[in-house]
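Under the numbering used here, the first residue of the first sequence carries the number 1022, and numbering increases by one thereafter. Virtual Cβ for every residue (Gly too), placed ideally from N, Cα, C. Below: one structure, written as structure tokens.
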Amino acid sequence: MPYIAGFLAFRETPVLLGLLQKMAVKEPALYPQLLMVDGNAILHPRGFGLASHLGVLADIPTIGVGKNLHHVDGLTNLEVRNVVAKSNLQAGDVVPLIGSTGQVWGAALHSHEGCQKPIFISIGHRISLDTAVAVVRCCCLHRVPEPVRQVFSFSQLQ
DNA sequence: GCGACAG
DNA sequence: ATCTTGTCGC
1022 MPYIAGFLAF RETPVLLGLL QKMAVKEPAL YPQLLMVDGN AILHPRGFGL
1072 ASHLGVLADI PTIGVGKNLH HVDGLTNLEV RNVVAKSNLQ AGDVVPLIGS
1122 TGQVWGAALH SHEGCQKPIF ISIGHRISLD TAVAVVRCCC LHRVPEPVRQ
1172 VFSFSQLQ
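This is the structure:
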């Protein structure tokens, strides 16, 4: 499947479900209680990105973690960057991502001191935004939380 | 002239 | 995503 913006789940979900199934058989003790996904959840043009898609199919709580903003409901990179810049945020602070319709799509997390660019958290399945942000915040040694960062660096070698 | 857009 | 350049912290 090619990568098409807005349709990432159709490319990635079959592989991820296969890996979960493999874990259930081979390493049941390590089967995850929560998934932090390298991609958005409800912060998505149809409110249902990769993290949502995977969460529902696997029936596991999921958090979407985007490294770039997927433009939706009037939210733009420029606008978010401006808000983040003038908010004088400390590491761990968030600014809510509210679209022009008033919907809360997620939160931009200033995840690491001295970082220019925030990461974009949204709720996937069976989790609140507050909990999602708290979990991600706990995992941030660098800008990108460790579970996503380690998988990302591995994937870069492939 | 062209057209915002996760990975 | 990938690549290149420049700056900064360890």
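The beta carbon of L1110 sits closer than 6 Å to the beta carbons of H1131 from its chain, once the five residues preceding and following it are set aside; these are given in chain order. With 16 or more neighbouring CB atoms inside 10 Å of its own CB, N1061 falls in the buried class. According to the DSSP assignment, P1168 belongs to the alpha helix (DSSP H) that extends over E1167 to L1178. Annotation: M1022 to A1106 spans about 37 Å, alpha carbon to alpha carbon. In the three-state scheme derived from DSSP, where H, G and I count as helix and E and B as strand, T1083 is classed as strand. Excluding residues up to 5 positions away in sequence, F1069, G1070, S1073, G1085, W1126, G1127, S1143, I1144 and G1145 lie with their Cβ nearer than 8 Å to the Cβ of I1063 in the same chain. Taking C-beta atoms as the reference points, R1170 and L1178 fail to come closer than 9 Å. Within the region 1099-1167, the runs of alpha helix (DSSP H) at least 4 residues long that lie entirely inside it are, in chain order, 1150-1159.
Judged by DSSP secondary structure, M1044 falls within the alpha helix (DSSP H) whose first and last residues are L1029 to K1047. Under DSSP, G1060 takes part in a beta bridge, and its partners are V1086. Around the C-beta of I1025, fewer than 16 other C-beta atoms lie within 10 Å, and the residue is accordingly described as exposed. Residue burial is scored here from C-beta neighbours: H1092 has fewer than 16 other C-beta atoms within 10 angstroms and is therefore classed as exposed. Secondary structure of G1076 (DSSP, three-state): helix. Of the other Cβ atoms in all chains shown, fewer than 16 fall within 10 Å of the Cβ of A1050; this residue is therefore exposed.
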